[in-house]
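Down below is the structure, laid out as structure tokens.
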Ligand SMILES: Nc1nc2c(ncn2[C@@H]2O[C@H](COP(=O)(O)OP(=O)(O)OP(=O)(O)O)[C@@H](O)[C@H]2O)c(=O)[nH]1
Ligand SMILES: [Mg+2]
């Protein structure tokens, strides 16, 4: 039997409550856990509904606040790590599932799919979803690119959605994650990167299950939230550089099906607002930090002070940029954070203008071949 966990902050209470109910009613689920960030309106809504729901489903629904487990900003990582400890200490379940609480397309099938893969013997199951061509830009440009450049011979760059928050772990995996100090320290948005990295490094088998209806969820709170996520996801990779990862991991990816127009035609962000960011918030120190970057990148970025320019930031320029960032980026330094954000936006706009605009199919195969290209470049030497 399984424990199903929803980490949540402030979300639409109706969505969170509906998702808790779906989980509680699933026949493979013996307990449901909601992990809140603080006592606020969403927490109170869950508190007032959970007894009735639990009674109706004959499945306990617990509600806890996240503990301070890690050493970075206290965020989703503390929430998820709190749940791992709860799973080991308070339950004798064999499996734990995580789902984001804000998903409006969540269904019972998601749990069944993960259970089926675990029944086949897989130790980690990750859900993956069709994404619009301008979504998942942290995943592609930061995480998959970084995995390719740093661990080209491993399964890491082959993982579809390494930052996805929908997944299943078997009990031995949870024991390993709780024993891994790097994982427990990662209290921020870097937690998904650490879970993915640590389980692959430890050699656990991985199954990726495809959810064709997609993950419909709350939109970004704004570009500031995205910036925090970007910085924390990059810092997580940077902190792992130098780690050794073995090549032999069992990894199966379910075939994807045709993608609906609601996803292929979706435009992921506001191009005009984003272009404007290229010329804002420059400081003299940021200009100096660019001294360490190869010249086309340094010159191109400085030109953005006057007018948006991004055609120079193709995949080769991003490769050089990424290597430089790995060497020099200082987490928590406001100018480095801003520069990283601006470099990444330049890359995302370049990709949008030269690739995403050519259509969904083209964009998808381009992104996959970009990662392959990094894998090849990294294998043939620095
Ligand atoms: N317990 C806890 N949950 C969190 C925290 N931050 C986010 N969450 C929850 O984690 C899940 C994923 O967060 P989202 O903000 O939706 O992040 P995302 O879906 O990766 O990115 P978006 O595209 O911005 O929605 C949601 O259920 C959030 O409510 C936190 O600090 N603590
Ligand atoms: Mg979300």
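Numbering (our numbering), first residue to last: 16 to 397. Built from N, CA and C at the ideal position, the CB exists for glycine as well. Remember, it's a predicted structure, so these values are computed and weren't measured experimentally.
Endpoints, beta strand (DSSP E) assigned at residue 17: Taking the first residue of the chain shown as position 1, residue 17 is located at position 2. Segment 17-23, the beta strand (DSSP E) holding residue 17.
Quick check on this structure: which residue in 287, 297, 393 and 51 has the alpha carbon closest to the alpha carbon of residue 89? Here the question's residue 89 lines up with position 74 in the chain shown. Minimum Cα distance to residue 89 is reached at 51.
So, helix, strand or coil for residue 266, using DSSP? Taking the chain shown and counting its residues from 1, the one referred to as residue 266 is at position 251. Reduced to three states, the DSSP call for residue 266 is strand.
So is residue 16 buried or exposed if we call it buried at 16+ other beta carbons inside 10 Å? Reading the chain shown from its first residue, position 1 is the one you call residue 16. Residue 16 comes out exposed.
Hey, would you say residue 186 sits closer than 9 Å to residue 110, going by beta carbons? What you label residue 186 is simply residue 171 of the chain shown in a count that begins at 1. What you label residue 110 is simply residue 95 of the chain shown in a count that begins at 1. Going by C-beta atoms, residue 186 is nearer than 9 Å to residue 110.
Does the Cβ of residue 188 have 16 or more other Cβ atoms within 10 Å, making it buried, or fewer, making it exposed? Start at 1 with the first residue of the chain shown, and residue 188 comes out as number 173. Residue 188 should be labelled buried.
At the level of alpha carbons, what is the spacing between residue 39 and residue 273? As a working note, residue 39 is residue 24 in the chain shown. As a working note, residue 273 is residue 258 in the chain shown. CA-CA distance, residue 39 to residue 273, rounds to 31 Å.
In whole angstroms, what is the alpha-carbon distance linking residue 105 and residue 97? Translated into the one-based positions of the chain shown, residue 105 becomes position 90. Translated into the one-based positions of the chain shown, residue 97 becomes position 82. Taking the straight line from one Cα to the other gives about 11 Å.
Give the range of the beta strand (DSSP E) segment to which residue 51 is assigned. Within the chain shown, numbered from 1, the residue matching residue 51 stands at position 36. Taken as a continuous stretch (DSSP letters only), the beta strand (DSSP E) holding residue 51 covers 44-51.
Would you mind sorting residue 126 into buried or exposed? The rule is 16 or more other CB atoms within 10 Å of its CB. The count along the chain shown starts at 1 and reaches residue 126 at position 111. Label assigned to residue 126: buried.
Residue 256 to residue 379 span [Cα, whole Å]: Translated into positions along the chain shown, residue 256 becomes position 241. Translated into positions along the chain shown, residue 379 becomes position 364. Going by the C-alpha atoms only, they are around 27 Å apart.
Count the other CB atoms within 10 Å of the CB of residue 157; is the residue buried (16 or more) or exposed (fewer)? For the purposes of this step, residue 157 is taken as residue 142 along the chain shown, with counting starting at 1. Buried, since its Cβ has 16 or more Cβ neighbours within 10 Å.
Contacts around residue 289, its chain only, beta-carbon distance under 8 Å, and the 5 residues preceding and following it disregarded: Indexing the chain shown from 1 puts residue 289 at position 274. Excluding positions up to five away in sequence, the list reads 238, 360, 363 and 364.
Quick one: give me the first and last residue of the beta strand (DSSP E) that residue 141 is part of. For the purposes of this step, residue 141 is taken as the residue at position 126 of the chain shown. Per DSSP, residue 141 belongs to the beta strand (DSSP E) from 139-143.
Does the Cβ-Cβ distance between residue 23 and residue 57 come in under 9 Å? Counted from its first residue, the chain shown places residue 23 at position 8. Counted from its first residue, the chain shown places residue 57 at position 42. Against a cut-off of 9 Å, the Cβ pair of residue 57 and residue 23 comes out as a contact.
Using a strict less-than 6 Å threshold between each residue's beta carbon and the heavy atoms of ligand 2, what residues do you get? 115, 117, 232 and 233
Let me check you understand the geometry: is the CB of residue 89 closer than 8 Å to at least one non-hydrogen atom of ligand 1? The residue labelled residue 89 in the question sits at position 74 within the chain shown. Flag set: Cβ of residue 89 near ligand 1.
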